[in-house]
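Q: Counting along the first sequence from 1, when you hit position 221 you're at 221 in our numbering, and nothing is skipped either side. Heads up, the beta-carbon is just placed ideally off N, CA and C, and yes, glycines get one too. Dropping a structure here in structure tokens format, bear with me for questions.
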Amino acid sequence: MSEIFDHKKIEEKWQEKWREEKKYNIDLSDSENKLYALVMFSYPSGDKLHIGHWYNYGPSDTWARFKKMQGFKVFEPMGFDAFGLPAENYAIKHGIHPAVSTRNNIEYMTTQLRRIGAMYDWDKYLNTSDPEYYKWTQWLFLKLFEMGLAHREKAPVNWCPSCLTVLANEQVREGKCERCGTDVERKELSQWFFKITKYSDRLLEGLDKINWPKSTKMMQRNWIGRSEGTTLFFEVAGQDETIEIFTTRVDTIYGATFIVIAPEHHILNHVTTDDKSKEVTEYIESVQNRSEIERITTDREKTGVFTGAYAVNPITKEKIPIWTSDFVLTGYGSGAIFGTPGHDQRDWEFATKFNLPIIQVIEPYNKEEVDLTKSVCSGEGILINSESYNGLDYKEGIVKITEELESQGKGHQSVNYRLRDWLISRQRYWGAPIPIIYCDSCGTVPVPEEDLPVILPEDIDLEKNIGSENSPLAESDSFLNVDCPKCGLKGRREVDTMDTFVDSSWYFLRYTNPHYSEGAWDSELVNKWLPVDQYIGGQDHATMHLLYARFICMALYDKKLLNFEEPFTNLFHQGIITKDGVKMSKSKDNVVSPDPFIENYGSDTFRMYLMFMGPYDEGGDWNDSGILGIHRFLNRAWRLCRGETDININDNSNKNLTSVMHRTIKEVTNDIQDMRFNTAISRIMEYVNEMYKAEAVNKDLLEKLILLLAPFAPHLSEELWEQFGHKGSLFDHRWPEWDDEIAKSETITVAVQILGKLRGTFEIKSGESDDVLVDSALELPNIKKHMEGKTLLKSIVIKDKLVNFLIK
RNA sequence: GCCGGGGUGGCGAAACUGGUAGACGCAAGGGACUUAAAAUCCCUCGGUCGUUUAGACCAUGCGGGUUCGAGUCCCGCCCCCGGCACCA
Numbered sequence: 001m002s003e004i005f006d007h008k009k010i011e012e013k014w015q016e017k018w019r020e021e022k023k024y025n026i027d028l029s030d031s032e033n034k035l036y037a038l039v040m041f042s043y044p045s046g047d048k049l050h051i052g053h054w055y056n057y058g059p060s061d062t063w064a065r066f067k068k069m070q071g072f073k074v075f076e077p078m079g080f081d082a083f084g085l086p087a088e089n090y091a092i093k094h095g096i097h098p099a100v101s102t103r104n105n106i107e108y109m110t111t112q113l114r115r116i117g118a119m120y121d122w123d124k125y126l127n128t129s130d131p132e133y134y135k136w137t138q139w140l141f142l143k144l145f146e147m148g149l150a151h152r153e154k155a156p157v158n159w160c161p162s163c164l165t166v167l168a169n170e171q172v173r174e175g176k177c178e179r180c181g182t183d184v185e186r187k188e189l190s191q192w193f194f195k196i197t198k199y200s201d202r203l204l205e206g207l208d209k210i211n212w213p214k215s216t217k218m219m220q221r222n223w224i225g226r227s228e229g230t231t232l233f234f235e236v237a238g239q240d241e242t243i244e245i246f247t248t249r250v251d252t253i254y255g256a257t258f259i260v261i262a263p264e265h266h267i268l269n270h271v272t273t274d275d276k277s278k279e280v281t282e283y284i285e286s287v288q289n290r291s292e293i294e295r296i297t298t299d300r301e302k303t304g305v306f307t308g309a310y311a312v313n314p315i316t317k318e319k320i321p322i323w324t325s326d327f328v329l330t331g332y333g334s335g336a337i338f339g340t341p342g343h344d345q346r347d348w349e350f351a352t353k354f355n356l357p358i359i360q361v362i363e364p365y366n367k368e369e370v371d372l373t374k375s376v377c378s379g380e381g382i383l384i385n386s387e388s389y390n391g392l393d394y395k396e397g398i399v400k401i402t403e404e405l406e407s408q409g410k411g412h413q414s415v416n417y418r419l420r421d422w423l424i425s426r427q428r429y430w431g432a433p434i435p436i437i438y439c440d441s442c443g444t445v446p447v448p449e450e451d452l453p454v455i456l457p458e459d460i461d462l463e464k465n466i467g468s469e470n471s472p473l474a475e476s477d478s479f480l481n482v483d484c485p486k487c488g489l490k491g492r493r494e495v496d497t498m499d500t501f502v503d504s505s506w507y508f509l510r511y512t513n514p515h516y517s518e519g520a521w522d523s524e525l526v527n528k529w530l531p532v533d534q535y536i537g538g539q540d541h542a543t544m545h546l547l548y549a550r551f552i553c554m555a556l557y558d559k560k561l562l563n564f565e566e567p568f569t570n571l572f573h574q575g576i577i578t579k580d581g582v583k584m585s586k587s588k589d590n591v592v593s594p595d596p597f598i599e600n601y602g603s604d605t606f607r608m609y610l611m612f613m614g615p616y617d618e619g620g621d622w623n624d625s626g627i628l629g630i631h632r633f634l635n636r637a638w639r640l641c642r643g644e645t646d647i648n649i650n651d652n653s654n655k656n657l658t659s660v661m662h663r664t665i666k667e668v669t670n671d672i673q674d675m676r677f678n679t680a681i682s683r684i685m686e687y688v689n690e691m692y693k694a695e696a697v698n699k700d701l702l703e704k705l706i707l708l709l710a711p712f713a714p715h716l717s718e719e720l721w722e723q724f725g726h727k728g729s730l731f732d733h734r735w736p737e738w739d740d741e742i743a744k745s746e747t748i749t750v751a752v753q754i755l756g757k758l759r760g761t762f763e764i765k766s767g768e769s770d771d772v773l774v775d776s777a778l779e780l781p782n783i784k785k786h787m788e789g790k791t792l793l794k795s796i797v798i799k800d801k802l803v804n805f806l807i808k
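The structure is reproduced here in structure tokens:
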């Protein structure tokens with residue numbers, strides 16, 4: 001009899017068995033007690049499965065198995081987010097067509113995924129690059145188009161010169177491409193957008209209804225960036241033009257000494273006077289040459305030029321100069337501001353640089369003397385130098401001045417958002433083609449539903465296209481040229497593909513029936529099985545995938561295609577596993593492969609070690625030094641259950657161990673429920689240690705151990721369960737329950753303090769009265785010693801816990 | 001700059017609504033078994049003082065405070081991680 005369990009044999013045996021019996025392929029027609037447990041699907045870019053994947057998939061499967069044992073009908077699907085740039089780049093690099101390389105990678109990753117031993121329902125597997133799937137991504141586009149939520153527009157967009165495509169706002173981080181880190185450029189291009197801004201308020205409100213991490217909700221709130229304020233109009237003196245301005249501080253209008261409009265503002269050329277036109281043109285050019293990253297740097301000195309024109313303050317009727325400067329952004333508000341240099345840091349810097357007047361119109365609450373030549377006075381206070389509004393609190397000022405503007409038709413209350421529409425066009429090959437045809441007489445024509453999918457052509461030489469800013473699809477004549485579905489005349493296809501985030505914004509719907517051909521999904525199934533009950537994935541998608549998916553569901557709900565608005569009821573983010581303090585990545589060459597660990601210790605040990613390392617939402621730095629400890633522990637449990645230790649297995653009951661068992665069940669249950677896997681494992685270890693101290697244990701104690709271990713080490717547990725003579729899978733057996741009465745330990749340790757300092761402890765039966773506790777405490781020699789010559793003033797007693805004596 | 005989350009032994013970490021700080025594990029040291037090693041089992045393990053014991057003092061990033069009692073609550077700082085950032 002071998003002392004060490006043969007992980008390879010056991011894991012292969014059970015994986016094979018689960019697979020053969022289609023153990024976790026479930027019939028969704030019955031949704032009673034349903035639980036949809038979802039993890040973010042994987043991205044086959046050529047990398048193998050790394051520790052990060054395991055950290056996402058292992059613990060989430062533990063949670064799902066626990067739920068299954070609690071009697072839920074758990075649906076745990078897995079698939080591939082197979083379109084996208086990394087896959088395309090990988091394919092180009094290796095000279096293989098992305099369809100082929102993707103297929104190979106998926107095949108390899110599937111084998112790796114199976115080794116985790118998760119309950120994936122492989123019948124529901126999907127692949128977003130499969131025409132069977134992207135047909136319906138295109139269909140989704142058409143639905144949004146019908147609803148007026150997809151539109152093409154010429155707008156300044158983010159261009160990544162390295163990825164050779166435009167990017168959505170969400171994919172630009174600190175002026176750099178989210179994928180490759182290259183500085184993005186601004187380009188004026190006609191692109192397709194999804195009107196996510198129409199849902200700004202609902203996306204905000206919905207956050208109150210879902211159980212998501214606080215920080216993620218906060219990130220989405222900040223990203224949407226709702227701000228309430230006033231829109232007002234300045235007339236341009238002597239011209240038939242008005243400038244629209246959004247402000248949150250209209251109370252400072254008496255301190256406005258200039259106007260600044262963004263260099264890209266459409267009105268700029270109209271208002272600029274002839275004598276200033278050269279300067280303004282030069283300025284615009286200099287701004288265009290500035291990189292986006294340089295432009296958003298806040299500590300850069302302000303630049304700008306005077307346009308020669310003046311605007312009329314709608315409240316004071318004063319004329320103030322109109323300037324242009326790149327610190328005012330085109331993308332936010334109306335791209336124009338009025339400058340109140342006394343009370344805004346940026347305006348103050350601008351006015352100081354260009355010698356514009358600075359007026360104080362807000363007095364701080366503390367009436368402090370302010371010197372506006374030296375620094376700005378931002379913040380709250382009382383209105384001064386504002387004629388009839390003097391003395392008002394700034395908040396009242398906002399209301400009153402907005403009212404006056406409104407009565408004159410010069411302004412109104414308004415709400416502004418930071419959120420921009422979702423730019424979905426990509427000038428790349430490996431994605432779902434946008435199903436649109438351009439016709440000279442009919443204009444923009446959607447591809448009729450019955451003509452879907454618009455198949456991605458294969459006759460394209462991707463290598464030839466390297467470095468070109470045009471979409472690869474434009475190279476294919478057979479793809480490009482098409483008859484207009486409306487008039488039959490010659491038309492051209494849209495050559496851009498869709499952002500892969502479109503693919504992933506609805507995959508969780510398709511999982512319920514990935515081969516359904518009547519529609520994108522079977523409504524009956526989807527409305528029964530969704531929303532997703534528990535979603536687990538990285539927080540890096542907080543303002544991308546997680547926002548887009550919510551938006552898409554809301555739109556589909558409005559189109560009456562779904563009966564729910566929020567796709568993910570509960571969300572949990574696993575932490576990040578770093579290596580030497582930095583995120584693992586191929587480019588840094590610090591990716592740790594899980595494969596050797598699986599080889600040496602097995603999947604049960606490995607996934608359990610990942611959970612034991614620390615809190616699941618915190619991740620941590622990778623260090624394999626403790627993995628042996630988990631392996632040892634599993635061996636200990638294995639030997640104990642198989643009677644390979646000095647501890648006898650008999651039928652006698654053991655009061656103390658039974659109590660420990662109930663306590664363990666209680667704590668482990670609560671810990672797994674809240675994803676506190678590390679402490680759950682500690683509790684099981686304590687339970688095993690406790691049994692090792694005994695001379696004999698009974699079968700029930702051991703069976704409960706196997707059940708508790710099952711979600712963590714599913715293969716080993718199944719094997720032991722079978723060896724205990726049970727027919728059928730352990731995972732069809734119910735999770736153990738506990739009895740609070742039995743779980744209570746008989747004796748407890750009471751801490752005795754004097755003036756809050758620990759001076760001793762004693763053991764006593766639980767539930768004793770305060771008097772008994774005090775008397776027992778006073779018996780302790782060390783307490784007697786400390787009490788000598790002192791008077792006892794008060795005894796503080798915390799039942800079953802502590803006695804504290806106050807003495808003098 | 002603003003918004004989150006953190007900072008506890010040599011290391012990963014525990015500590016429920018304020019109540020014995022360091023559970024559980026790693027590493028380390030000692031012992032048992034063994035011809036030997038591995039494996040296994042048992043013991044010790046925050047620091048200083050105390051020969052040992054008993055015990056005392058110090059200790060949860062730093063400085064204050066509230067409390068009988070603070071890792072936990074309050075005020076002020078420092079550092080690390082993540083997000084946002086000229087957003088009007």
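Please report the straight-line C-alpha distance between THR578 and ILE315, rounded to a whole angstrom.
A: In a straight line, the C-alpha of THR578 is about 57 Å away from that of ILE315.
Q: Give me the residue from TYR57, ASP326, PRO596, LYS34 with the minimum Cα distance to GLY575.
A: For GLY575, the nearest C-alpha among the options comes from TYR57.
Q: Rounded to whole angstroms, how far is the Cβ of ILE754 from the Cβ of ILE783, which I believe are closer than 8 Å?
A: Rounded, the Cβ-Cβ distance is 7 Å, consistent with contact.
Q: Specify, as a first and last residue, the run of the beta strand (DSSP E) that HIS151 falls within.
A: 150-160 is the span of the beta strand (DSSP E), which, as asked, contains HIS151.
Q: Buried or exposed for VAL363, please, with buried defined as at least 16 other CB atoms from any protein chain shown within 10 angstroms of its CB.
A: Correcting the residue type first, residue 363 is Glu in the shown sequence and not Val. It counts as buried.
Q: Considering Cα atoms alone, identify which of ILE196, PHE194, PRO161 is closest to CYS180.
A: Of ILE196, PHE194, PRO161, the residue nearest in Cα terms is PRO161.
Q: Does the beta-carbon of MET218 have 16 or more other beta-carbons within 10 angstroms, so that it is buried, or is it exposed?
A: Result: exposed.
Q: Can you tell which of ASP81, PHE306, LYS317 has the C-alpha that lies nearest to the C-alpha of TRP323?
A: The option with the nearest alpha carbon to TRP323 is PHE306.
Q: Considering just the uninterrupted stretch of the alpha helix (DSSP H) at GLU396, what are its terminal residues?
A: Its alpha helix (DSSP H) spans residues 394-407.
Q: TRP14 by DSSP, collapsed to three states: which one?
A: TRP14 falls in the helix class under three-state DSSP.
Q: Count the other CB atoms, across all protein chains shown, that sit within 10 Å of the CB of PHE805; report buried if there are 16 or more and exposed otherwise.
A: So PHE805 ends up on the buried side.
Q: From ASP326 to LYS209, what does the alpha carbon distance come to, in whole angstroms?
A: So the two alpha carbons sit approximately 40 Å from each other.
Q: Over what stretch of residues does the alpha helix (DSSP H) that includes ASN669 continue unbroken?
A: A quick correction: the sequence has Thr, not Asn, at residue 669. THR669 -> alpha helix (DSSP H) spans 655-673.
Q: Going by Cα to Cα distance, which pick from ILE261, VAL660, ALA555, TYR511 is closest to ARG683?
A: Minimum Cα distance to ARG683 is reached at VAL660.
Q: Could you spell out the range, first to last residue, of the beta strand (DSSP E) harbouring SER820?
A: There is no way to answer for residue 820, as the model of the chain reaches only from 1 to 808.
Q: Do you know how far the Cα of TRP192 is from the Cα of VAL482?
A: Distance between the alpha carbons of VAL482 and TRP192: 20 Å.
Q: For SER376, does the count of other Cβ atoms within 10 angstroms reach 16, so buried, or fall short, so exposed?
A: With the sequence shown as reference, residue 376 is identified as Val, and Ser is not the correct amino acid for it. By the 10 Å Cβ count, VAL376 comes out buried.
Q: Measure the alpha-carbon distance for LYS276 versus THR330 and round it to whole angstroms.
A: Taking the straight line from one Cα to the other gives about 21 Å.
Q: For LYS317, is the classification buried or exposed, using 16 other Cβ atoms within 10 angstroms of its Cβ as the cut-off for buried?
A: Exposed, since its Cβ has fewer than 16 Cβ neighbours within 10 Å.
Q: From what residue to what residue does the alpha helix (DSSP H) around TYR601 run?
A: Its alpha helix (DSSP H) spans residues 595-601.
Q: Please determine, among GLU788, LEU780, ASP800, LYS794, the residue with the shortest C-alpha to C-alpha distance to SER766.
A: SER766 has its Cα closest to that of ASP800, out of GLU788, LEU780, ASP800, LYS794.
Q: Just the C-alpha distance for THR273 and TYR310, rounded to the nearest angstrom, thanks.
A: One C-alpha to the other measures close to 10 Å.
Q: Would you list the residues sitting across from SER795 in a DSSP beta bridge?
A: Paired residues: PHE805.
Q: Who are the Cβ neighbours of PRO44 in its own chain at under 7 Å, not counting the five residues just before and after it?
A: Closer than 7 Å at the Cβ level, and outside the excluded window around PRO44, lie PHE80, ALA82, ALA87, THR102, ASN105, ILE106, MET109.
Q: List the residues that DSSP assigns as beta-bridge partners of LEU423.
A: Bridge partners of LEU423: PHE193.
Q: By DSSP's criteria, ILE684 is part of a beta bridge. Which residues make up the other side?
A: According to DSSP, ILE684 bridges with nothing at all.
Q: Do you know how far the Cα of PHE712 is from the Cα of LEU59?
A: Checking the sequence, you will find Pro at residue 59 rather than Leu. So the two alpha carbons sit approximately 8 Å from each other.
Q: Who pairs with TYR310 in a beta bridge, going by DSSP?
A: PRO321.
Q: Can you tell me whether ASN25 is helix, strand or coil according to DSSP?
A: In the structure shown, ASN25 sits in coil (DSSP, three-state: anything other than H, G, I, E or B).
Q: Nearest CA to the CA of ASP496: which residue from PRO98, SER190, GLU21?
A: Among PRO98, SER190, GLU21, the Cα nearest to that of ASP496 belongs to SER190.
Q: Select from LEU140, TRP622, ALA168 the residue whose C-alpha is nearest the C-alpha of LEU452.
A: The shortest C-alpha separation from LEU452 is found at LEU140.
Q: Please give the ranges of any alpha helix (DSSP H) in the segment 72-112, keeping only runs that are unbroken, at least 4 residues long and fully inside the region.
A: Those alpha helix (DSSP H) runs which fall completely within the segment 72-112 and span 4+ residues are 85-94.
Q: CB VAL668 to CB ALA680, shorter than 7 Å?
A: Yes, Cβ-Cβ distance for VAL668 and ALA680 is below 7 Å.
Q: Can at least three beta-carbon pairs, one atom from the segment 508-516 and one from the segment 636-654, be found at a separation below 8 Å?
A: As far as the Cβ criterion goes, the segment 508-516 does not touch the segment 636-654, which means the pair count is below three.
Q: If you draw a straight line from the alpha carbon of ILE4 to that of GLY602, how long is it in whole angstroms?
A: Cα to Cα, ILE4 sits roughly 12 Å from GLY602.
Q: Mind checking whether PHE145 and ILE259 have CB atoms under 7 Å apart?
A: No; because the gap between Cβ atoms is not below 7 Å, this pair is not in contact.
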